[in-house]
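K.L.:
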Amino acid sequence: MKLSKTIPAAVIAGLLLFALIPSAASACFIPRLLPPIAGQALLTAADETGAAAVGVKFELKRADGTPVGVYETDAEGRILVSPLTTGSYFWSSADSPEADAYPFRITGRQSAQTAVVCAKPEPVPEPAEIDCLVLVNKQNPLPDGWEDALTIVRTVNSLGDDVETEAAAYEAYLKLKSALAEEGVSVDLDSAYRSVAAQQDIVVSFTEKYGADYVKQYVAVPGYSEHHTGLALDLYLNIDGEDVYLNEDMEQYPEIWAKIHAGLSSFGFILRYPEGKEDITGYSYEPWHIRYVGAEAAEEIASLGVTLEEYLGKVPETAVKIDYGTSGLFTKQEMDEAILLVKKCVASWDGCELHTVTYAGDEAVTEENISWLNSLDGGAEYVECIEFLTDFHSPVEAYGAWEADTEYTNYQWWLGRTEGGSWVLVTWGY
Ligand SMILES: [Zn+2]
-12 MKLSKTIPAA
-2 VIAGLLLFAL
8 IPSAASACFI
18 PRLLPPIAGQ
28 ALLTAADETG
38 AAAVGVKFEL
48 KRADGTPVGV
58 YETDAEGRIL
68 VSPLTTGSYF
78 WSSADSPEAD
88 AYPFRITGRQ
98 SAQTAVVCAK
108 PEPVPEPAEI
118 DCLVLVNKQN
128 PLPDGWEDAL
138 TIVRTVNSLG
148 DDVETEAAAY
158 EAYLKLKSAL
168 AEEGVSVDLD
178 SAYRSVAAQQ
188 DIVVSFTEKY
198 GADYVKQYVA
208 VPGYSEHHTG
218 LALDLYLNID
228 GEDVYLNEDM
238 EQYPEIWAKI
248 HAGLSSFGFI
258 LRYPEGKEDI
268 TGYSYEPWHI
278 RYVGAEAAEE
288 IASLGVTLEE
298 YLGKVPETAV
308 KIDYGTSGLF
318 TKQEMDEAIL
328 LVKKCVASWD
338 GCELHTVTYA
348 GDEAVTEENI
358 SWLNSLDGGA
368 EYVECIEFLT
378 DFHSPVEAYG
388 AWEADTEYTN
398 YQWWLGRTEG
408 GSWVLVTWGY
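Numbering-wise, the numbering used here puts 273 at position 286 of the sequence shown, and it's gapless, one number per residue.
(1) Is Asp221 near ligand 1, with its Cβ less than 7 Å from a heavy atom?
(2) I'd like to know whether the C-beta atoms of Asp378 and Thr343 end up nearer to each other than 8 Å.
(3) Specify, as a first and last residue, the run of the alpha helix (DSSP H) that Leu291 falls within.
(4) May I have the straight-line CA-CA distance separating Gln97 from Glu153, to the nearest angstrom?
(5) Return helix, strand or coil for Glu170, following the three-state DSSP convention.
(6) Looking at the secondary structure, which residues open and close the beta strand (DSSP E) in which Trp422 lies?
(7) If we ignore side chains and look at the alpha-carbon of each, how far apart do Leu146 and Val43 end up?
(8) Give the range of the beta strand (DSSP E) segment to which Lys44 is assigned.
(9) Are the segment 291 to 301 and the segment 364 to 371 touching by the rule of at least three beta carbon pairs closer than 8 Å?
(10) Exposed or buried, which one is Gln239 when buried takes at least 16 other CB atoms within 10 Å?
(11) For Val370, which of helix, strand or coil comes out of DSSP?
(12) So is the beta-carbon of Glu273 under 7 Å away from any non-hydrogen atom of ligand 1?
(13) Given this structure, state the Cα-to-Cα distance separating Ala81 from Thr138, to the nearest angstrom.
(14) Using 7 Å as the cut-off, classify the Cβ of His248 as near or not near the heavy atoms of ligand 1, replying yes or no.
(15) How many angstroms separate the CA atom of Pro114 from the CA atom of Glu324?
(16) Taking 8 Å as the cut-off, decide whether the C-beta atoms of Ile267 and Ala219 are in contact.
(17) Mind checking whether the beta-carbon of His215 lies closer than 7 Å to any heavy atom of ligand 1?
(18) I think Val172 touches Ile247, with their Cβ atoms under 8 Å apart; what is that distance to the nearest whole Å?
(19) What are the partner residues of Val143, as DSSP defines its beta bridges?
(20) If you draw a straight line from the alpha carbon of Pro110 to that of Arg181, how long is it in whole angstroms?
(21) For Glu35 and Glu116, what's the separation of their Cα atoms in angstroms?
(22) Could you work out which residue in Ser75, Val191, Trp336 is closest to Val202 when comparing CA atoms only?
(23) Taking the runs of the alpha helix (DSSP H) that are 4 residues or longer, which of them lie wholly in the segment 200 to 273?
(24) Is the beta carbon of Val329 less than 8 Å from the beta carbon of Trp400?
(25) Classify Phe375 as helix, strand or coil using the three-state DSSP reduction.
(26) Excluding five sequence neighbours on each side, which residues of the same chain lie with their C-beta closer than 8 Å to the C-beta of Trp133?
(27) Could you tell me the alpha carbon to alpha carbon distance between Gly407 and Lys308, rounded to whole angstroms?
(28) Could you check what DSSP says for Phe91 in three-state terms: helix, strand or coil?
(29) Please state the DSSP three-state secondary structure of Leu163.
(30) According to DSSP, is Lys331 part of a helix, a strand, or is it coil?
(31) If we ignore side chains and look at the alpha-carbon of each, how far apart do Ser69 and Ala166 end up?
(32) Leaving out the 5 sequence neighbours to the left and right, which residues in its chain are closer than 6 Å to Val183 when beta-carbon positions are compared?
(33) If contact is defined by three or more beta carbon pairs under 8 Å, each pair taking one atom from either stretch, is the segment 264 to 279 in contact with the segment 311 to 322?
(34) Could you check if His342 belongs to the surroundings of ligand 1, using beta carbon to heavy atom distance under 7 Å?
(35) Could you tell me if the beta carbon of His276 falls within a distance shorter than 7 Å of some heavy atom in ligand 1?
(36) Who does Gly56 pair with in a DSSP beta bridge?
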């Protein structure tokens, strides 16, 4: 187009633009809200004839009315806004803000929106708040309606797998990930949210393949996996540019996991299945499985050194009852380190079930007992000792030591510790 030399180009451009903007009063637009993907909202607007509505202004607001911005449709009648955090939003016509409002949610798993034709559509309800302290384990199923209330962020990991995570947990994970990167530790998300339906599919296909007995032993019952919450994250490692994601490979890096675990609580996460708490959580130690509980609870849980079950006062009946007694010599943490060795030893005994562990008292810590342990462990230089009494049950006759189906009580355990060292299990028995 050639411009007249007497009219400045800006004026022409302004006039052209003005001519293209249809008047709000006469036009009837058909905004089409295309399904938002995580972090993006796309709106296309057409007029009554179906032609793209070009240069029409829409205002984007959060559900609570907070303005995000005013945008104008492009030559194809489109507005694309990115990035946006997950949540509820609405578009409204900038010319008549109250007349029409077109709500939508950014969830990452949004189904297609229906087009609205110049009428105020039904508002999208604000999703119910999810409780990030929810307890889902072998005794406690996912609460009803949880999955409906869930706001999911969908991502793809370095292995090319889709991963879905609850929005707040994902935001916290990103912060954790970048803090770890600064320490030279590279992590990625293996799996987070798994739907109850997906778990049901696994049960059906594994039952066909491996039989019901296998499924009962190894596959979580649908509804009872913490991964249904979207708040449980399985991490994997990237070491020297290589992805390390198989459980047995990941277990080879205890120092890296220790580094990861040390920083979890600052970002609202806890290590969900710690070592030695299998009887409480129902799961063996899993260094990769972390759980988002929010900043405050995570700090408390970490400083108390407890599991989520203990923190919520929902320890299962079958858990080992521990009586720490009162000690002027040892902290609970020091006792827990010793009890872990006792638990591991009992767990290695064919089907034996530990019921109680009782601290035998400070009076067991004598020079005489310490030298006794040193003589048992020829050449050891223990400077401290600790004693526990346990009750346990043996289902079978074993080791020439116990009878089938018998409860043993006040079984003694002795551990020694060198200056600055860790506990060593020295002897046990009656
Ligand atoms: Zn997991």
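Just so you know, even glycine gets a beta-carbon here, dropped at the ideal spot from N, CA and C.
Remember, predicted model here, so these are calculated numbers, not experimental data.
P.N.:
So, to answer that:
(1) The count along the sequence shown starts at 1 and reaches residue 221 at position 234. Under cutoff, so the answer is yes.
(2) The residue labelled residue 378 in the question sits at position 391 within the sequence shown. The residue labelled residue 343 in the question sits at position 356 within the sequence shown. Contact: yes.
(3) Within the sequence shown, numbered from 1, the residue matching residue 291 stands at position 304. From DSSP, the alpha helix (DSSP H) with Leu291 extends over 282 to 291.
(4) Your numbering for residue 97 matches position 110 in the sequence shown. Your numbering for residue 153 matches position 166 in the sequence shown. Note that Gln97 scores 39 on pLDDT, short of 50, meaning its location in the model is unreliable and no value can be drawn from it.
(5) The residue given as residue 170 occupies position 183 in the sequence shown. Looking at Glu170 - three-state DSSP - the assignment turns out to be coil, as it is neither helix nor strand.
(6) As displayed, the chain neither begins before -12 nor continues past 417, which places residue 422 out of reach and without an answer.
(7) On the sequence shown, position 159 is the one that residue 146 refers to. On the sequence shown, position 56 is the one that residue 43 refers to. Rounded to whole angstroms, Leu146 to Val43 spans 42 Å at the Cα level.
(8) Stepping through the sequence shown from its first residue, residue 44 is reached at position 57. Taken as a continuous stretch (DSSP letters only), the beta strand (DSSP E) holding Lys44 covers 44 to 49.
(9) no
(10) As a first step, residue 239 must be located in the sequence shown, where it is residue number 252. By the neighbour-count definition (other C-beta atoms within 10 Å, threshold 16), Gln239 is an exposed residue.
(11) To locate residue 370, count along the sequence shown from 1; it is residue 383. Strand at Val370.
(12) As a working mapping, residue 273 is identified with position 286 in the sequence shown. Yes, since a heavy atom of ligand 1 falls inside the 7 Å radius drawn around the Cβ of Glu273.
(13) Position 94 of the sequence shown, counted from the start, is the residue given in the question as residue 81. Position 151 of the sequence shown, counted from the start, is the residue given in the question as residue 138. In this structure, the alpha-carbon of Ala81 lies about 28 Å from that of Thr138.
(14) Counting from one through the sequence shown, the residue named residue 248 turns up at place 261. Flag unset: Cβ of His248 not near ligand 1.
(15) Sequence index remark: in the sequence shown, residue 114 carries index 127 (1-based). Sequence index remark: in the sequence shown, residue 324 carries index 337 (1-based). The predicted position of Pro114 is uncertain, since its pLDDT is 49 and thus under 50; a value taken from the coordinates is nonetheless stated next. Annotation: Pro114 to Glu324 spans about 43 Å, alpha carbon to alpha carbon.
(16) Residue 267 sits at position 280 when you count from the first residue of the sequence shown. Residue 219 sits at position 232 when you count from the first residue of the sequence shown. Cβ atoms of Ile267 and Ala219: not closer than 8 Å.
(17) Within the sequence shown, the letter at position 228 stands for residue 215. Incorrect: His215 has no Cβ contact closer than 7 Å to ligand 1.
(18) Residue mapping note: residue 172 aligns to position 185 of the sequence shown, counting from 1. Residue mapping note: residue 247 aligns to position 260 of the sequence shown, counting from 1. Yes, Val172 and Ile247 are in contact; Cβ-Cβ is about 6 Å, under 8 Å.
(19) Residue 143 sits at position 156 when you count from the first residue of the sequence shown. Its beta-bridge partners are Asp149.
(20) On the sequence shown, position 123 is the one that residue 110 refers to. On the sequence shown, position 194 is the one that residue 181 refers to. Below a pLDDT of 50, predicted positions are generally treated as unreliable, and Pro110, at 48, falls in that range; the measurement from the model is reported next regardless. Cα to Cα, Pro110 sits roughly 28 Å from Arg181.
(21) Working through the sequence shown from its first residue, we reach residue 35 at position 48. Working through the sequence shown from its first residue, we reach residue 116 at position 129. Using only the alpha carbons, I get a separation of about 39 Å.
(22) Taking the first residue of the sequence shown as 1, we reach residue 202 at position 215. Minimum Cα distance to Val202 is reached at Val191.
(23) Qualifying alpha helix (DSSP H) stretches, in chain order: 234 to 237, 241 to 250, 265 to 268.
(24) Counting from 1 along the sequence shown, the entry for residue 329 is found at position 342. Counting from 1 along the sequence shown, the entry for residue 400 is found at position 413. Taking 8 Å as the cut-off, the beta carbon of Val329 is found closer than this to the beta carbon of Trp400.
(25) Reading the sequence shown from its first residue, position 388 is the one you call residue 375. The answer is strand: DSSP assigns Phe375 an E or B state.
(26) Taking the first residue of the sequence shown as position 1, residue 133 is located at position 146. The residues are Ile117, Val121, His215, Thr216.
(27) On the sequence shown, position 420 is the one that residue 407 refers to. On the sequence shown, position 321 is the one that residue 308 refers to. Cα to Cα, the separation comes out at about 29 Å.
(28) Counting from 1 along the sequence shown, the entry for residue 91 is found at position 104. Looking at Phe91 - three-state DSSP - the assignment turns out to be strand.
(29) Position 176 of the sequence shown, counting from 1, holds the residue named residue 163. Leu163 falls in the helix class under three-state DSSP.
(30) Position 344 of the sequence shown, counting from 1, holds the residue named residue 331. Lys331 falls in the helix class under three-state DSSP.
(31) Here the question's residue 69 lines up with position 82 in the sequence shown. Here the question's residue 166 lines up with position 179 in the sequence shown. Each residue's Cα considered, the two are about 25 Å apart.
(32) Here the question's residue 183 lines up with position 196 in the sequence shown. Cβ within range, chain order: Pro209, Gly210, His215.
(33) no
(34) As a working mapping, residue 342 is identified with position 355 in the sequence shown. No, since every heavy atom of ligand 1 falls outside the 7 Å radius drawn around the Cβ of His342.
(35) Here the question's residue 276 lines up with position 289 in the sequence shown. Within the cutoff, so yes.
(36) Residue 56 sits at position 69 when you count from the first residue of the sequence shown. DSSP lists Leu47 as the bridge partner or partners of Gly56.
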